[in-house]
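According to my numbering, the stretch in the sequence shown is residues 4 to 464, in order.
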Amino acid sequence: MIGVIQTVYQFLWGDLITVPLPGGSSAGLSLLVLILIPSGIYFTLRTRFLPFRLFPEMLRVVTERQESARRDSISGIQALIVSTATRVGMGNLVGVVAAISAGGAGAVFWMWAIALLGSSTAFAEATLAQLYKERDPLYGGWRGGPAYYIHHFFVKKGDNRRYSVVAVLFALSGLLCWCGISQVIGNSVSSAFQNAFHIPPIYTTIVLVLVAAVIVLRKNATVKVLDVIVPFMAGIYFLLTIFIIVKNAGQLPGVFARIFSEAFGLRQAVAGGFGAVLMNGAKRGLFSNEAGSGSAPCAAAAADVSHPAKAGLLQAVGVFIDTIVICSCSAMIMLLAPEDMLSGLEGMDLLQTAMEFHFGSFGTVFVAVILWLFSFSTFIGILFYARSNVAYLFGDNWVSQTVYKILDLVMLFIGGLAAYTFVWDLGDIGVGLMTIFNMIALIPMSGEAVAALREYEENMK
C-alpha cells in the first residue's frame, strides 16, 4: 500500500520531464506544475490580466461595507476568511522554509510570480462555484464547489443521474487529502510544542483534539471561530515581520538583490542553479495558495453575494494575502537573519533559529504558538470544505457529516503522536488528484466565469 502511495505521489509531484538549461543546470517539471502554470497563464490572458487590471477593485470589494447575508448564510468576507484559514497554514511556515532551504532566496521570487498567475485561476474556480451553488438543507445557507460544477458539466439538463464519475472522484480526493492534512497538522503542532516547551506530544495532542472537537461537532461554530482567529493570527504575524523589517531596514536592498539575482540562477552554486530555484518556488507557491486545487471554491460557493464575480475577486485577493503577504513574511524572517547562523538547518529548526535571532527565546515560543494557530485554523477550515463533498457523495444527513468529522479528529490524534511520511504524501496526492479532476471541468467552463466578469465590469460602469 505504501509503495502504491509513493508511486502515485512521484507521478503527480515528481519530475515528469527534465528541461536542460544554460550553464549545465536543468529544471524538473512535475505533472502538477505542467498543469497549473499553463492554466494560470491561460486564465490570466482570458480575464485580461485580472490580478493587475482589477487589483484596486479587489481591494474595494474587501473593504466595502458588507452586504447583509441571509440569517443562515455567510458573507463574502466570511468565505474569504474560511479560505484564508486553510491557505494561511503550514505551507506559509514549513513550505516557505522548505523552498528557501532547497532553492535559496530566489525561490521567493517564483512564489510571487506563481501567486499572480494563481489569482486568475482562483477567480475562475470561485466564480464557477457561485454560479452552480445550491441551498444547503442541513447547515443552512449555500453550498457548492467543484464537485457541483463538474457534475453540471458532465450531467446535462434532463439527465437524472445522481452522480458524475469525475465529480465523485474529485469529492473523494478532497476527503482523502483533508484526512492526510489532519495528521500532518497534529504532528507539526505536537513537535513544535515539544521543541518550545518540552511538553510530551500526548498532552498537546489531547488538548488540540478536544478543542477541535468542541468546535467542529457543533453545527455552526466554524465560521464564528475563524472570524476571530484568522485576522488575529495573520495580523500578529504581519506586525512582527514589519518590526523585523524596520529594525533591519539597512539590509533590505541586499536581501532583494539576493532574491532577484538567485531567482534567475546568477548564483549557480545555490542548490544546483536556476532549475532548483524555479521548481522549489513554483511547487511551494502552488501548494501554499491552493489555486486550481478546488479547495477554496467550497467556501466561495457558500458566500451570499450580489454577483458571482464578487466572490471570485475576493478569492483572488486570498491568493495575494497568502503568498505575497504571509509567505513573504516568513521569507523575510529568514533572509534577514545571518546566513552562517542558518547554514545546515532546515524545516522548523531553520525558522525557529531565525526567530530566536530576532527575538531571543521569545522567538522559539512565538513560532510554536503561531504554528498552533495556523494549523488549528487550517483544520477547522478543511472541515468546512468537507461539508459539500460529503453531501455530494452521501446525501443530506447528519450521520455522514459527523462520521467524517470524527474520522478527521482521529487522524489529528494519530498524527500528533507519530509522523508517518506516507501520510504527508497522502495529503499531497489528494491535492494533486483534486487539481486534475477540477481542471477537467474548469478549463472548458471558464468561459462562464469570464462572461460573469464581463457582466460585473459592465455593472461597475
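Think of the CB as a built atom: it goes at the ideal place given N, C-alpha and C, for glycine as much as any other residue.
Taking 9 Å as the cut-off, decide whether the C-beta atoms of S415 and I202 are in contact.
It is Leu, not Ser, that sits at residue 415 in the sequence shown. Contact check for L415 against I202 fails: the beta carbons are separated by 9 Å or more.
Give every residue of the same chain whose Cβ lies closer than 6 Å to the Cβ of A452, excluding the five residues on either side of it in the sequence, and list them in chain order.
Answer for A452: A127, T130 and L131, listed in chain order.
Taking Cβ to Cβ, would you say D230 is nearer than 9 Å to I84?
The beta carbons of D230 and I84 sit closer together than 9 Å.
Could you pull out every residue in the same chain whose Cβ sits closer than 8 Å to the Cβ of Q197, ignoring the five residues on either side in sequence?
For Q197, where only same-chain residues beyond five positions count, the Cβ hits under 8 Å are P203, P204 and T207.
Check whether the segment 106-124 and the segment 401-419 are in contact - that is, three or more C-beta pairs closer than 8 Å.
Taking a cut-off of 8 Å for Cβ pairs, the segment 106-124 and the segment 401-419 do not touch, as fewer than three such pairs fall below it.
Just how far apart, CA to CA, sit V65 and L243?
Straight through space, the alpha carbons of L243 and V65 are spaced by roughly 23 Å.
Cβ-based burial, I551 [other Cβ within 10 Å; buried from 16]
In this structure the chain extends from 4 to 464, so residue 551 is not present and cannot be described.
Can you tell which of I248, V219 and F246 has its C-alpha closest to the C-alpha of V470?
This structure cannot settle anything about residue 470, because the visible part of the chain is limited to 4 through 464.
Here's a check: name, in chain order, each residue in its chain whose Cβ is nearer than 7 Å to the Cβ of A334, leaving out the five neighbours to either side.
Cβ within range, chain order: V99, I103 and V111.
Three-state class that DSSP yields for E480 in the structure shown
Residue 480 cannot be examined here, being either before or after the span of the chain that is shown, 4 to 464.
Would you give the residue range spanned by the alpha helix (DSSP H) that V474 belongs to?
Within the shown structure, residues of the chain are numbered from 4 to 464, placing residue 474 beyond reach of any answer.
Taking DSSP as the reference, what is the three-state secondary structure of E359?
Secondary structure of E359 (DSSP, three-state): helix.
What is the DSSP secondary structure of A82, counted as helix, strand or coil?
Reduced to three states, the DSSP call for A82 is helix.
Exposure of N462, with buried meaning 16 or more beta-carbon neighbours within 10 Å:
When all chains shown are included, N462 counts as exposed.
Identify every residue that forms a DSSP beta bridge with P234.
In the DSSP output, where bridge partners are listed per residue, P234 has none listed.
Taking the alpha-carbon of F377 as reference, which of Y142, A237, L37 and L15 has the nearest alpha-carbon?
If we check each option's Cα against that of F377, A237 comes out closest.
From the DSSP output, read off the bridge partner residues of L32.
Bridge partners of L32: I20.
Using DSSP bridges, identify the partner residues of A306.
According to DSSP, residue pairing for A306 in a beta bridge involves I77.
By DSSP, does E342 sit in helix, in strand, or in coil?
In this structure, E342 counts as helix in the three-state DSSP scheme.
Using the Cα positions of Q271 and E265, report the straight-line distance between them to the nearest angstrom.
Residue placement at Q271 is flagged as unreliable, the pLDDT there being 43, under the threshold of 50; the coordinate-derived value follows with that caveat. Distance between the alpha carbons of Q271 and E265: 8 Å.
Same chain, Cβ closer than 6 Å to C301, five either side skipped, listed in chain order:
Excluding sequence neighbours, C301 sits near G148, Y388 and S391.
Three or more beta-carbon pairs under 8 Å between the segment 133-150 and the segment 353-361, yes or no?
A contact is defined here as three or more CB-CB pairs under 8 Å, and the segment 133-150 fails this definition with respect to the segment 353-361.
Can you have a look at L48 and say buried or exposed, based on whether 16 or more other CB atoms are within 10 angstroms of its CB?
Around the CB of L48, fewer than 16 other CB atoms lie within 10 Å, so the residue is classed as exposed.
Compute the Euclidean distance between the alpha carbons of N441 and D343, then round it to the nearest angstrom.
Taking the straight line joining both Cα atoms gives about 44 Å.
Starting from Q404 and walking both ways along the alpha helix (DSSP H), at which residues does that stretch end?
Counted as a single uninterrupted DSSP element, the alpha helix (DSSP H) harbouring Q404 occupies residues W401 to L420.
Which residues bound the alpha helix (DSSP H) around Q254?
For Q254, no alpha helix (DSSP H) encloses it, and the DSSP letter there is neither H nor E.
For T8 and P59, I'd like the C-alpha separation in whole angstroms.
Looking at the sequence shown, residue 8 is not Thr but Ile. Cα-Cα distance, rounded: 44 Å.
Nonlocal neighbours in the same chain, by C-beta distance under 6 Å from V273, ignoring five residues either side
Reliability of the predicted coordinates at V273 is poor, the pLDDT of 43 falling under 50, and the value obtained from them is presented with this limitation in mind. Answer for V273: G107 and E265, listed in chain order.
Three-way DSSP call (helix, strand, coil) for R49 in this model
The three-state reading of DSSP puts R49 in helix, counting H, G and I together.
In whole angstroms, what is the alpha-carbon distance linking A454 and V368?
A454 and V368 have their alpha carbons spaced roughly 49 Å apart.
Spatially closest choice to I80 from F14, F173 and V226, by CA coordinates
When C-alpha distances from I80 are compared across F14, F173 and V226, the shortest belongs to V226.
Reduced DSSP secondary structure (H/G/I, E/B, other) of E293:
If DSSP states are grouped into helix, strand and coil, E293 belongs with coil.
So the candidates are G31, S309, Y395 and V370; which of them puts its Cα closest to the Cα of V171?
Taking only the C-alpha atoms, the option nearest V171 is Y395.
Leaving out five residues before and five after I245 in sequence, what residues of the same chain have Cβ atoms less than 6 Å from its Cβ?
Cβ within range, chain order: n/a, list empty.
Please say whether A252 and Y459 have beta carbons closer to each other than 9 Å?
No, they are not a contact pair.
For D399, which residues from the same chain have a beta carbon less than 7 Å from its beta carbon, with the 5 sequence-adjacent residues on both sides left out?
Non-local beta-carbon contacts of D399 in its own chain, meaning distances under 7 Å to residues more than five positions away in sequence, involve P140 and L141 in chain order.
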